[in-house]
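To keep things clear, I will list the structure first and then write my remarks on it.
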Amino acid sequence: MTSIMAQVLIIVESPAKARAINKFLPKKYSVKASLGHVRDLPKSRLGVDVETNFTPKYITIRGKGDVIKELRSAAKKADQVLLGPDPDREGEAIAWHLMEILGIPDDEKCRIEFHEITKSALDKAVKQPRLVDQDRVDAQQCRRVLDRLVGYKLSPLLWRKVRRGLSAGRVQSVAMRLICDREQEIRDFQQEEYWSITGHFKTGQNSLEAELIRKGKEKIALSTKEDVDQVLGELEAAAFQVSKVAKRERKRNPAPPFTTSTLQQVASRKLNFPVKKTMMIAQQLYEGLDLGKEGASGLITYMRTDSTRVSGGAQAAARDYIKETIGPEYVPEKPPFYKSPSRAQEAHEAIRPTDIRRIPDSIKNNLSRDQYKLYKLIWERFLASQMKPAIFDITTIEIIGNNYLFRASGSVIKFPGFMRVYIEDEEDESLLPSVNKGDILELIKFEPKQHFTQPPARYTEASLVKSLEENGIGRPSTYAPIIATIQSRGYVSKEKRYLFPTELGEIVVDLLKEYFSKIIDVEFTAEMEEKLDQVEEGELVWQDVVEKFYGPFEKDLHHAEEEIVKIPIEEETSEEKCPKCGQNLKVKQGRYGKFLACPGFPDCRYTKPFVEDTGVLCPRCKGNIVVRRSRKGRKFYGCINYPECDFTSWDEPVAEYCQECGHFLVYRGKAKKLYCPGCKKYLPEEETPSASEVK
1 MTSIMAQVLI IVESPAKARA INKFLPKKYS VKASLGHVRD LPKSRLGVDV
51 ETNFTPKYIT IRGKGDVIKE LRSAAKKADQ VLLGPDPDRE GEAIAWHLME
101 ILGIPDDEKC RIEFHEITKS ALDKAVKQPR LVDQDRVDAQ QCRRVLDRLV
151 GYKLSPLLWR KVRRGLSAGR VQSVAMRLIC DREQEIRDFQ QEEYWSITGH
201 FKTGQNSLEA ELIRKGKEKI ALSTKEDVDQ VLGELEAAAF QVSKVAKRER
251 KRNPAPPFTT STLQQVASRK LNFPVKKTMM IAQQLYEGLD LGKEGASGLI
301 TYMRTDSTRV SGGAQAAARD YIKETIGPEY VPEKPPFYKS PSRAQEAHEA
351 IRPTDIRRIP DSIKNNLSRD QYKLYKLIWE RFLASQMKPA IFDITTIEII
401 GNNYLFRASG SVIKFPGFMR VYIEDEEDES LLPSVNKGDI LELIKFEPKQ
451 HFTQPPARYT EASLVKSLEE NGIGRPSTYA PIIATIQSRG YVSKEKRYLF
501 PTELGEIVVD LLKEYFSKII DVEFTAEMEE KLDQVEEGEL VWQDVVEKFY
551 GPFEKDLHHA EEEIVKIPIE EETSEEKCPK CGQNLKVKQG RYGKFLACPG
601 FPDCRYTKPF VEDTGVLCPR CKGNIVVRRS RKGRKFYGCI NYPECDFTSW
651 DEPVAEYCQE CGHFLVYRGK AKKLYCPGCK KYLPEEETPS ASEVK
């Protein structure tokens with residue numbers, strides 16, 4: 001008698017993930033995708049019964065009926081159903097919803113969890129199914145209900161008191177506050193002048209630059225030109241002698257493998273990827289890509305993690321690879337250990353390649369350009385994290401003259417260590433000339449420089465993620481949605497990577513500060529994240545957390561409804577007329593900046609790009625240069641006569657021209673220095689003629 005093989009159905013979120021998993025499992029396994037969530041709170045109403053212990057009213061997501069029908073049909077034919085969504089709270093909630101719609105009993109071990117899509121990880125997962133973790137599901141429900149209560153109770157208030165169509169989110173509002181507070185710091189900043197003096201000395205055939213540090217034992221503070229002139233007067237007849245030559249060895253340890261936050265920050269800095277793009281590509285690398293003959297394979301471990309832990313097997317594989325391909329001298333005596341944040345989920349690993357021998361260049365042709373860049377970054381950072389530290393020889397030279405001390409420092413790489421593979425930040429490598437203590441040096445010149453203190457920098461997406469993480473706001477899975485939401489709502493705009501609050505954003509934040517101080521409070525939001533963690537750990541009941549929040553919040557709502565007077569926001573009116581109905585177009589603020597729209601909406605839906613004139617004439621056709629936006633929202637400058645004139649520039653053009661080559665000048669860099677694209681060099685402003693002076 002022939003035995004019939006038991007059929008097993010595995011359900012994951014995406015078709016790409018399903019294809020990659022299917023490749024590693026025997027034929028008895030069938031893998032299908034739920035295409036993300038199958039149930040959620042309704043969009044048209046609150047969907048939370050606040051009178052009955054905050055019971056959520058889930059409904060089937062519109063358009064998911066056919067998917068559910070197919071999954072139910074497949075589940076009936078299978079002897080066993082295994083649920084394999086992502087290994088986090090949201091994935092656990094998806095598994096729970098699937099369990100509910102498929103009628104799987106609560107006590108059935110149907111949940112499988114894996115952090116990488118490899119044969120070994122999947123073999124282990126399917127052999128060790130567990131119960132759906134109700135505590136983790138409850139933590140996700142708690143977050144969802146809290147966010148729904150804030151969003152659906154607060155947004156209508158904003159509609160009535162500020163402007164129709166506005167919305168507010170629990171965590172997004174705190175991110176907005178950080179951006180608005182930083183903007184206020186910049187406005188309040190008082191610039192202060194200070195000076196530095198660099199001495200240029202001759203030693204044999206070489207020269208040496210050293211900075212003035214102190215007089216006697218007191219640190220030098222030069223606030224004005226008069227302070228500088230006084231010091232230079234006292235140094236006028238001084239003799240200069242080397243008072244100290246110190247050499248020491250310094251180790252530089254590699255950075256730990258990536259977490260979600262650090263991946264987003266470094267990809268922004270090194271690859272210029274927005275946070276949302278980084279997570280989208282990382283998801284593709286995790287779920288699996290077609291590698292030709294090898295088939296679909298997951299290239300990295302799960303990308304939503306705050307842990308720097310690395311499995312013993314991955315460390316051993318990396319050590320073997322380093323020994324074989326780079327050299328045994330680069331392998332540390334013991335595998336390195338990196339400490340994770342106290343709240344990190346240690347069940348997760350850091351983001352790393354699933355196979356260290358899958359070298360980026362060997363699969364480059366199977367990846368898109370951006371997929372290759374991100375995979376290479378993850379691969380190099382992980383490999384470097386398992387290597388020995390770099391060793392530098394640091395030399396410090398001190399020079400004394402008339403009781404004033406000058407200091408020069410230089411470093412040279414003695415052993416590159418992990419820097420053979422990956423460099424986080426460039427090391428300033430400079431070799432100083434050979435001098436001995438007691439040598440007399442000849443002064444070439446003093447170089448005084450004027451400086452001004454700078455205000456704190458505006459947030460970029462990367463620095464905002466870092467601040468959110470440091471303040472305990474949100475979790476790895478929420479950083480990208482937070483940043484995308486505050487931009488899509490028109491509360492924040494992005495220009496040259498920097499985040500600026502819009503007028504609307506500042507009005508909303510000020511209102512929330514006055515009437516909903518807890519919602520907008522950084523510490524309160526961080527405490528709420530800790531409570532969500534406690535729900536996941538089974539220490540708190542999720543309905544109790546919501547109830548404790550909702551009572552004071554409801555009182556604040558009633559108070560705000562009575563106290564807030566309608567806040568008028570005067571929209572800027574353009575002189576341009578709507579070609580459809582003749583009304584003057586209004587200047588609106590959208591996700592990618594300003595645009596013009598007809599005030600007759602919704603009857604008239606006419607819109608057009610907002611043209612911001614720079615006041616500079618096009619060097620080709622003498623038309624006006626205006627500010628434009630690329631498809632991805634990046635700001636650039638172009639001729640108003642496009643497409644007849646296709647002049648464009650990423651740098652802001654200036655109404656001045658280079659005296660040497662006649663090319664138009666631009667502002668470049670954070671300091672907006674004048675730059676000539678023709679000569680390919682920066683120009684001092686005092687040497688730059690106006691346009692009228694150039695023939």
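According to the UniProt record's numbering, the sequence shown is numbered sequentially starting from 1. Note that the Cβ used here is the ideal one computed from N, Cα and C, for glycine as well.
| In whole angstroms, what separates the C-alpha of Leu-596 from that of Val-522? | Start at 1 with the first residue of the sequence shown, and residue 596 comes out as number 596. Start at 1 with the first residue of the sequence shown, and residue 522 comes out as number 522. One C-alpha to the other measures close to 35 Å.
| query | Are the CB atoms of Val-626 and Thr-614 nearer to each other than 8 Å? | reply | Mapped onto the sequence shown, residue 626 falls at position 626. Mapped onto the sequence shown, residue 614 falls at position 614. Yes.
| said: Comparing C-alpha positions only, which one of Ile-94, Glu-349, Gly-204 sits nearest to Arg-39? | reply: In the sequence shown, counting from the first residue as 1, residue 39 sits at position 39. It is Ile-94.
| query | Taking only runs of the beta strand (DSSP E) that begin and end inside the segment 49 to 84, which ones reach a length of at least 3 residues, in chain order? | reply | 80 to 83
| request: Could you tell me whether the Cβ of Cys-679 comes closer than 8 Å to any Cβ of chain C? | output: Protein chains in the displayed structure number just one, and chain C is not present.
| query | Under the three-state reduction of DSSP, which class applies to Phe-201: helix, strand or coil? | reply | Looking up residue 201 in the sequence shown gives position 201. Looking at Phe-201 - three-state DSSP - the assignment turns out to be strand.
| request: Out of Gln-205, Phe-500, Leu-665, Arg-163, point me to the one whose CA is closest to Val-654's CA. | output: Locating residue 654 in the sequence shown gives position 654, counting from the first residue. That would be Leu-665, whose Cα lies nearest to the Cα of Val-654.
| message | Quick check on DSSP: helix, strand or coil for Phe-500? | response | Position 500 of the sequence shown, counted from the start, is the residue given in the question as residue 500. The answer is strand: DSSP assigns Phe-500 an E or B state.
| task | Evaluate Thr-648 with the Cβ neighbour count: other Cβ atoms within 10 Å of its Cβ, from every protein chain shown; 16 or more gives buried, anything less gives exposed. | result | Along the sequence shown, read from residue 1 onward, the residue named residue 648 stands at position 648. Under this definition Thr-648 is an exposed residue.
| How big is the Cα-Cα spacing for Glu-539 and Ile-391? | Numbered from 1 along the sequence shown, position 539 holds the residue referred to as residue 539. Numbered from 1 along the sequence shown, position 391 holds the residue referred to as residue 391. If I take the Cα positions, the gap works out to 47 Å.
| request: Please report how far the alpha carbon of Tyr-637 lies from the alpha carbon of Val-611, in whole angstroms. | output: For the purposes of this step, residue 637 is taken as the residue at position 637 of the sequence shown. For the purposes of this step, residue 611 is taken as the residue at position 611 of the sequence shown. Cα to Cα, Tyr-637 sits roughly 11 Å from Val-611.
| request: Provide the residue(s) that pair with Trp-195 in DSSP beta bridges, ordered along the chain. | output: Locating residue 195 in the sequence shown gives position 195, where the first residue counts as 1. According to DSSP, which records beta bridges pairwise, Trp-195 is partnered with Leu-222, Gln-450.
| request: From the DSSP output, in three-state form, read off Thr-395 for me. | output: Taking the sequence shown and counting its residues from 1, the one referred to as residue 395 is at position 395. Reduced to three states, the DSSP call for Thr-395 is strand.
| query | Leaving out five residues before and five after Met-1 in sequence, what residues of the same chain have Cβ atoms less than 8 Å from its Cβ? | reply | Translated into positions along the sequence shown, residue 1 becomes position 1. Model confidence at Met-1 stands at a pLDDT of 37, short of 50, so the residue's coordinates are unreliable; what they give is reported in the following sentence. No residues qualify anywhere along the chain.
| request: Evaluate the contact criterion for the segment 449 to 460 versus the segment 180 to 199: three or more CB pairs, one atom per stretch, below 8 Å. | output: yes
| field | Where the alpha helix (DSSP H) containing Arg-182 begins and where it ends | value | For the purposes of this step, residue 182 is taken as the residue at position 182 of the sequence shown. Element bounds for Arg-182: 170 to 188.
| said: I'd like to know if the segment 428 to 448 and the segment 200 to 208 are in contact, where contact means that at least 3 CB-CB pairs between them fall below 8 Å. | reply: yes
| Going by other Cβ atoms of all chains shown within 10 Å of its Cβ, with 16 needed for buried, is Thr-52 buried or exposed? | In the sequence shown, counting from the first residue as 1, residue 52 sits at position 52. With fewer than 16 other Cβ atoms within 10 Å, it is exposed.
| query | Pick from Val-81, Lys-513, Arg-164: whose alpha carbon is nearest that of Arg-130? | reply | Position 130 of the sequence shown, counted from the start, is the residue given in the question as residue 130. Nearest C-alpha to Arg-130: Val-81.
| field | Residues sharing a beta bridge with Thr-648, DSSP | value | As a first step, residue 648 must be located in the sequence shown, where it is residue number 648. DSSP, once it has assigned bridges, lists Gly-638 as partnering Thr-648.
| request: Decide yes or no for the touch test of the segment 562 to 570 against the segment 167 to 174: beta carbon pairs closer than 8 Å, at least 3 of them. | output: no
| query | For Glu-644, which option in Tyr-657, Cys-661, Gly-623, Arg-634 has the closest C-alpha, if you only look at C-alpha atoms? | reply | Translated into positions along the sequence shown, residue 644 becomes position 644. Closest option to Glu-644, Cα to Cα, is Gly-623.
| message | Between the alpha carbons of Lys-215 and Leu-232, how many angstroms are there, rounded? | response | Residue mapping note: residue 215 aligns to position 215 of the sequence shown, counting from 1. Residue mapping note: residue 232 aligns to position 232 of the sequence shown, counting from 1. Cα-Cα distance, rounded: 12 Å.
| Where does the unbroken beta strand (DSSP E) through Gln-140 begin, and where does it stop? | For this step, residue 140 is matched to residue 140 along the sequence shown. Gln-140 -> not in any beta strand (DSSP E); alpha helix (DSSP H) instead, spanning 134 to 161.
| task | Go ahead and pull the three-state DSSP assignment for Asn-272. | result | Residue mapping note: residue 272 aligns to position 272 of the sequence shown, counting from 1. The answer is coil: DSSP assigns Asn-272 none of H, G, I, E or B.
| query | Among Lys-373, Leu-377, Tyr-330, which one has its Cα closest to the Cα of Gly-417? | reply | Against the sequence shown, residue 417 aligns to sequence position 417. For Gly-417, the nearest C-alpha among the options comes from Tyr-330.
| query | Can you tell me whether DSSP reads Asp-229 as helix, strand or coil? | reply | For the purposes of this step, residue 229 is identified with residue 229 of the sequence shown, where counting begins at 1. In the structure shown, Asp-229 sits in a helix (DSSP, three-state: H, G or I).
| query | Count the other CB atoms within 10 Å of the CB of Ile-186; is the residue buried (16 or more) or exposed (fewer)? | reply | One-based indexing of the sequence shown puts residue 186 at position 186. So Ile-186 ends up on the exposed side.
| field | Proximity to Phe-382 [Cα-Cα], best of Lys-76, Pro-254, Ser-120, Val-67 | value | Here residue 382 refers to the residue found at position 382 when the sequence shown is read from its first residue. Cα-wise, what sits closest to Phe-382 is Pro-254.
| said: List, from N- to C-terminal side, the alpha helix (DSSP H) runs of 4 residues or more that fit wholly inside the segment 533 to 582. | reply: 542 to 563
| said: Taking the beta carbon of Glu-13 as the centre, do at least 16 other beta carbons fall within 10 Å, making it buried, or is it exposed? | reply: Position 13 of the sequence shown, counted from the first residue, corresponds to residue 13. Burial call: buried.
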